[in-house]
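Number of protein chains: 2
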Amino acid sequence: MECGLLFSAGKDSSLSALLLEEFYDVTLVTANFGITDDWTHARDAARALGFPFERIELSEEVAMKATDRMREDGFPRAGIQAVHEAALEAVADEYDVVADGTRRDDRVPTISRAVAQSLEDRHGVDYVAPLSGFGRGAVDRLVETHLTVESGPSESIKKGDYETELRALIETRWGADAVAEVFPEHEQTRVVGRS
Amino acid sequence: MECGLLFSAGKDSSLSALLLEEFYDVTLVTANFGITDDWTHARDAARALGFPFERIELSEEVAMKATDRMREDGFPRAGIQAVHEAALEAVADEYDVVADGTRRDDRVPTISRAVAQSLEDRHGVDYVAPLSGFGRGAVDRLVETHLTVESGPSESIKKGDYETELRALIETRWGADAVAEVFPEHEQTRVVGRS
Chain Y
436 MECGLLFSAG KDSSLSALLL EEFYDVTLVT ANFGITDDWT HARDAARALG FPFERIELSE
496 EVAMKATDRM REDGFPRAGI QAVHEAALEA VADEYDVVAD GTRRDDRVPT ISRAVAQSLE
556 DRHGVDYVAP LSGFGRGAVD RLVETHLTVE SGPSESIKKG DYETELRALI ETRWGADAVA
616 EVFPEHEQTR VVGRS
Chain G
436 MECGLLFSAG KDSSLSALLL EEFYDVTLVT ANFGITDDWT HARDAARALG FPFERIELSE
496 EVAMKATDRM REDGFPRAGI QAVHEAALEA VADEYDVVAD GTRRDDRVPT ISRAVAQSLE
556 DRHGVDYVAP LSGFGRGAVD RLVETHLTVE SGPSESIKKG DYETELRALI ETRWGADAVA
616 EVFPEHEQTR VVGRS
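Sequence order for the protein chains is Y and G. Start counting the first sequence at 436; every next residue gets the next number (my numbering). Start counting the second sequence at 436; every next residue gets the next number (my numbering).
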């Protein structure tokens, strides 16, 4: 079965790909808005991991609504969640199985059982989240033995996730200070290959 | 890392074993009470799947308390949950990684994030539930392509799960009618090998 796995070049989505590869024909899918070319980092990581890659473009409206919400909230959670759900919907239009890298203790994005079942019923797909039953410690230990990663602050480690483009859009709309307000600085990691 | 996966010879725990085998040294573990020899069905299934097997004996007190609770409730849920948690604790004493086959839409047993983290913190282990992000449809489709199963009513398909022994104990303590009261009849499946 053809599985489209939302992919950011991060640890969680990369490890998810390894967990699923024996069971589905996995394509790594990066959703973006055409704002920056950061999706190419995800494409390169997908190649390094040995998976087919697809870029899906989400509508500008999704990005505008998400950044409005982030600016209003002063933090990114609800905006990221909305973008993630829009990306899952887009993947569900093309694949038999839709997957993502959400972890047991992720706070965002988080796909409830109800949202999962709704996605499955409306699109006639399976939604699978192979890391949903793994905590951070278990993921870190598996990443250490199976993947090669780089890490650093958000500005220097460019991934192919929504955050990079949403940061750029917020900067365009309201300036660099608005980005710092919405996104607290945190360490990012990018997967560069298998161990 | 040494992973002890709670195993009943059912579809969920068998598929979990296949999902984990590339990442851990998996031993299939059946917890029982020494009431019947139904654990041998789990041992045979483990052999057919090509995994090492271990039987862990839980205390009689766990079985007595669980059956008291089931008889009182008139349904098995809370008793099964208590036995499952006791089994996880026992596995956590012996392995680096504790796993089970709980599925996204299981109602029992179900391991909350809090219970998972408590198990991990108290025993210094990882708890992983590889099917926790898979719904019934996705599991059934993967089972179809990866496993060979037999199915039939509960009395005829003997697995190595707690239910078989708890049914026997309830029958001994309160008679056959009590078993029928607590356990509504349902279709069981047993895995007999890989496809």
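Backbone N, C-alpha and C define an ideal beta-carbon position, used for all residues, glycine too.
When burial is assigned at 16 or more other CB atoms within 10 Å of the CB, is residue i buried or exposed?
i                     : result
residue 425 (chain G) : There is simply no residue 425 (chain G) to check, as chain G begins at 436 and stops at 630 in what is shown.
residue 549 (chain Y) : exposed
residue 547 (chain Y) : exposed
residue 596 (chain G) : buried
residue 519 (chain G) : buried
residue 588 (chain G) : exposed
residue 472 (chain Y) : exposed
residue 522 (chain Y) : buried
residue 568 (chain Y) : buried
residue 610 (chain G) : exposed
residue 615 (chain Y) : exposed
residue 538 (chain G) : buried
Just how far apart, CA to CA, sit residue i and residue j?
i                     : j                     : result
residue 440 (chain G) : residue 492 (chain G) : 15 angstroms
residue 576 (chain G) : residue 608 (chain G) : 40 angstroms
residue 624 (chain G) : residue 503 (chain Y) : 51 angstroms
residue 448 (chain Y) : residue 506 (chain G) : 45 angstroms
residue 551 (chain Y) : residue 584 (chain Y) : 30 angstroms
residue 573 (chain G) : residue 592 (chain G) : 23 angstroms
residue 603 (chain G) : residue 594 (chain G) : 13 angstroms
residue 509 (chain G) : residue 612 (chain G) : 12 angstroms
residue 601 (chain Y) : residue 560 (chain Y) : 28 angstroms
residue 467 (chain Y) : residue 513 (chain G) : 46 angstroms
residue 453 (chain Y) : residue 544 (chain G) : 27 angstroms
residue 532 (chain G) : residue 470 (chain Y) : 43 angstroms
residue 487 (chain G) : residue 445 (chain G) : 16 angstroms
residue 628 (chain G) : residue 621 (chain G) : 22 angstroms
residue 530 (chain Y) : residue 580 (chain Y) : 30 angstroms
residue 501 (chain Y) : residue 482 (chain Y) : 30 angstroms
residue 586 (chain Y) : residue 599 (chain Y) : 15 angstroms
residue 540 (chain Y) : residue 459 (chain G) : 21 angstroms
residue 517 (chain Y) : residue 558 (chain G) : 37 angstroms
residue 630 (chain G) : residue 485 (chain G) : 13 angstroms
residue 578 (chain Y) : residue 606 (chain G) : 48 angstroms
residue 455 (chain Y) : residue 542 (chain Y) : 23 angstroms
residue 553 (chain G) : residue 515 (chain Y) : 29 angstroms
residue 562 (chain Y) : residue 562 (chain G) : 22 angstroms
Please check the pair residue i and residue j, which I expect to be a contact at CB under 8 angstroms, by giving their CB distance rounded to whole angstroms.
i                     : j                     : result
residue 570 (chain G) : residue 555 (chain Y) : 6 angstroms
residue 618 (chain G) : residue 511 (chain G) : 6 angstroms
residue 462 (chain Y) : residue 490 (chain Y) : Actually they do not touch by this definition, with Cβ atoms about 11 angstroms apart.
residue 626 (chain Y) : residue 480 (chain Y) : 5 angstroms
residue 528 (chain Y) : residue 564 (chain Y) : Not really, about 19 angstroms apart at Cβ, beyond 8 angstroms.
residue 582 (chain Y) : residue 451 (chain Y) : Not quite, the Cβ-Cβ distance comes to about 11 angstroms (not below 8 angstroms), so this is no contact.
Exercise for the section: Count the C-beta pairs between the stretch 495-511 of chain Y and the stretch 474-482 of chain Y that are closer than 8 angstroms, then say yes if the count reaches three, no if not. Expected result: Contact annotation: the stretch 495-511 of chain Y does not touch the stretch 474-482 of chain Y, with fewer than three C-beta pairs closer than 8 angstroms.
Practice task
Would you mind listing the alpha helix (DSSP H) stretches within the stretch 554-611 of chain G that are 4+ residues and don't spill past its ends, in chain order?
Solution key: You should have 571-581 and 597-609.
Practice task
Ignoring anything shorter than 3 residues or poking outside the stretch 518-556 of chain G, list the beta strand (DSSP E) runs there in chain order.
Solution key: List check, beta strand (DSSP E) in window: 532-534.
Practice task
For the stretch 437-455 of chain G, enumerate the residues whose C-beta is nearer than 7 angstroms to any C-beta of chain C, in chain order.
Solution key: Of the protein chains in the structure, Y and G, none is chain C.
Practice task
Let me know the beta strand (DSSP E) ranges lying completely inside the stretch 458-484 of chain Y, each 3 residues or longer, listed in chain order.
Solution key: Here the runs fully enclosed are 460-467.
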